[in-house]
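Student:
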Amino acid sequence: MIVESLKSWNDIQYPKRRKCEPPVIIYCHGGVNQLGGVFVNGRPLPDVVRQRIVELAHSGVRPCDISRQLRVSHGCVSKILSRYYETGSFKAGVIGGSKPKVATPPVVDAIANYKRDNPTMFAWEIRDRLLAEGICSQDNVPSVSSINR
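Basically this note's numbering = 1-based index in the sequence shown + 41.
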């Protein structure tokens with residue numbers, strides 16, 4: 042590596058600049074974590090690193106050792122592995138975009154009927170009943186806060 046061959050910072054050769062050119066300033070949104078790994082705040086870990094985490098875990102390497110080896114925080118390794126075990130995918134979730142609407146007319150009608158029949162019914166009870174009666178699946182059932190709205 043170039044940095045290792047330098048004796049001191051004074052050995053760095055800077056390119057000559059014409060007087061009329063402004064200096065080039067590079068802004069970086071990333072940083073270096075406590076393990077020396079590079080990251081960009083708010084952005085997912087690259088897929089190649091995620092895949093390597095899963096491969097190492099499959100070969101029996103402990104999460105704490107994966108963390109040190111790849112210079113990724115232990116929390117990040119744990120999160121990626123638990124997502125992989127849960128869904129079978131190591132890919133990052135989608136950033137931004139809109140979620141599909143779950144409050145479709147049949148769902149809204151069912152909620153209104155439940156409330157009319159039992160005004161003291163809790164939102165979590167409504168949610169459970171929507172699932173039990175097959176009006177919604179686990180994928181499209183509205184959240185408790187959405188039902189309260």
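Glycine included, each C-beta is placed from N, C-alpha and C at the ideal position.
In the DSSP assignment, find the unbroken alpha helix (DSSP H) run with G116 in it and report its ends.
Tutor: Its alpha helix (DSSP H) spans residues H115 to T128.
Student: Do you know how far the Cα of I94 is from the Cα of P147?
Tutor: So the two alpha carbons sit approximately 43 Å from each other.
Student: If you drop the 5 nearest sequence neighbours on each side, which residues of the same chain put their C-beta closer than 6 Å to that of S184?
Tutor: None.
Student: Taking only beta-carbon atoms, is E166 less than 8 Å away from chain D?
Tutor: Here chain D cannot be found, since the structure has a single protein chain.
Student: Going by beta carbon distance, what residues of the same chain come within less than 6 Å of G116, once the five residues before and after it are set aside?
Tutor: Excluding residues within five positions, none has a Cβ falling inside 6 Å.
Student: If contacts are defined as beta-carbon pairs under 8 Å, then L122 and A98 qualify, I think. What distance do you get, rounded to the angstrom?
Tutor: Correct: roughly 6 Å between the Cβ atoms.
Student: Does the stretch 125-135 touch the stretch 171-190, meaning 3 or more C-beta pairs lie closer than 8 Å?
Tutor: No: fewer than three Cβ pairs fall under 8 Å.
Student: Could you spell out where the alpha helix (DSSP H) holding R91 opens and where it closes?
Tutor: Where R91 is concerned, the enclosing alpha helix (DSSP H) stretches over D88 to H99.
Student: Pick from N159, T145, D158 and R157: whose alpha carbon is nearest that of S187?
Tutor: Among N159, T145, D158 and R157, the Cα nearest to that of S187 belongs to T145.
Student: Straight-line CA distance for R109 to K132?
Tutor: Whole-angstrom Cα-Cα distance: 21 Å.
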